[in-house]
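Going by the working numbering, the sequence shown opens with residue 167, and the numbers climb by one from there.
Heads up: the structure comes next, in structure tokens.
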Amino acid sequence: MKRILTIVGARPQFIKAAPVSLALQEAGFECLSVHTGQHYDENMSAVFYDQLNMTKPTHQLAIGSGSHGWQTGEGLKAIEEILISEKPDAVLVYGDTNATIAGALAAVKLHIPVAHVEAGLRSFNRRMPEEINRVVTDHVSTWLYTPTQTATDHLANEGMSQGVLWVGDVMLDAVDQFGPLAEQQCAGLLDELELGAKQYWLMTMHRAESTDQPEQVKTILTTLDSLGTPILFPVHPRIKAMVESFGPYRHIRLTDPMGYFEMLMAERHASLIVTDSGGVQKEAVFANVPCVTMRTETEWTETVQAGWNQIVGLDANKLVVAIEQADSLAKEPIRHHYGNGAASQTIARHLSEALDHAAQQKPATETGVTVPV
Ligand code: UD1
Ligand code: UDP
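This is the structure:
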């Protein structure tokens, strides 16, 4: 049986791993996983395992919060030990967090092939920690599963075409797979929140680039609060103290981070989404809700080209203009850029064939993990 070890650590990775792990199990893989503990609050981690019916991690680390070097280094050390003892045939990493780069580096140095889901994304902003993580991870990966053709093109421009496969976006798989369950289980959400469908905006904010600029964040929040529309804002722990310190607000409703099902419902029923999240930008568009992105660039350029998403940075004036014109911008269908909702099955099929092929190529004496002496 082919043995695959998945590495996750942060909120969006649990969501991405849910459909892929299921597809791998259905394809007959033996699935192991490591949760680095980068995110650890109940509503940043356990809630996703429960809602998405995920198998508990084989190895639960408790690395927690810290600087980039420390968090990545702790992950690297701990994952290396696990890989030496578990000897998987391949390691699967997602996206661009510190768990991603730690897992990819640990594996490649043990000569274990790395499969990178969500490969090829680029912001071309090297001050973003995620950009460093994704560039390095792509360059050490054997199989690079891209969510969009744009991502495949970025890899080609960096000289990578071998092992690159456009599969579509596993976050679209997750929306398709779990959307109906979310509808069932969270039917009463708007009543509980006392919000009317299409009568409110949804907001999220968590990027380091935002929290590093408190004055701009304050101006944005006071501006949004003055516009009169109710705004639902589930607050990421990174920015909680800052957001609370700028309150109280009249129209912005702060909540704890929400479960995935609640979030999908909150997105679907919002009339507009304002965010700096990568995943939320696309989920807005999958739900046919216009989005305004509080960043200076996006990796998901198709959303902008198709008229669904506007990039405004942390500029309150640009934000207000974008909100005013969001409904009137011409919008084109976009879902096809992100695949057919079966990216996970394509990954499982390809990995299975690729590992069979690799096993045939391997000299009879080679047994898997190579531990340096
Ligand atoms: C990380 C990822 C980012 C991703 C985001 C998803 C990196 C470099 N960044 O950013 O790409 O978009 O996750 O949400 O990996 N904290 C808690 N409880 C938790 C988790 C975090 O209180 O369960 C607080 C801690 O104060 C911590 C801070 O949030 O220092 C930031 O957490 P961290 O994981 O370092 O970065 P994120 O901003 O979450
Ligand atoms: N999300 C969630 N609850 C929240 C905020 C976000 O379930 O309170 C989900 C969201 O629906 C999306 C993912 O988390 O699937 C996005 O994660 P995040 O914004 O933390 O990170 P990014 O995508 O920017 O890396």
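No residue lacks a Cβ here, since even glycine has one placed at the ideal position from N, Cα and C.
query	result
The segment 406 to 422 contacting the segment 446 to 463, beta-carbon criterion three pairs below 8 Å	no
Contact the segment 513 to 526 vs the segment 196 to 214: 3+ CB pairs below 8 Å	no
Three-pair Cβ contact test at 8 Å for the segment 428 to 439 versus the segment 336 to 350	yes
Exposed unless 16 or more other CB atoms sit within 10 angstroms - verdict on A265	buried
Secondary structure of Q204, DSSP reduced to three states	coil
T421 in three-state terms, based on DSSP	strand
Nearest neighbour of L495, chosen from Q204, G425 and T469 [CA to CA]	T469
8 Å contact criterion, which L321 and T312 should meet: CB distance rounded	7 Å
Nearest-angstrom beta carbon gap, A176 and S510 [assumed within contact, 8 Å]	Between A176 and S510 the Cβ distance is about 19 Å, and since that is not below 8 Å, they are no contact.
Contact set, ligand 2 heavy atom to C-beta under 5 Å	R177, P178, I181, P400, P423, M424, Y426, M429, S443, G444 and G445
Residues bridged to M369 (per DSSP)	V440
Check: M371 C-beta below 7 Å from any heavy atom of ligand 1	no
Residue nearest to I489 in terms of C-alpha spacing, selected from G394, M294 and P403	G394
Candidates S411, D442, I181 and H282: closest to T388 by CA position	S411
Nearest to P403 (by Cα), restricted to the options Y206, E192 and I181	Y206
Cβ separation of D287 and E465, assumed to be a contact under 8 Å, to the nearest whole Å	Sequence check: residue 287 is Leu here, not Asp. About 4 Å separates the two Cβ atoms, so the contact holds.
Cβ shell of E240 (< 6 Å), same chain only, five flanking positions each side left out	I229
S376 CB to nearest heavy atom of ligand 4 below 7 Å	As far as ligands go, the structure on display features ligand 1 and ligand 2 and does not contain ligand 4.
At least 3 beta-carbon pairs within less than 8 Å: the segment 367 to 382 vs the segment 326 to 339	no
Entirely enclosed alpha helix (DSSP H) segments - the segment 469 to 513, minimum 4 residues	482 to 491
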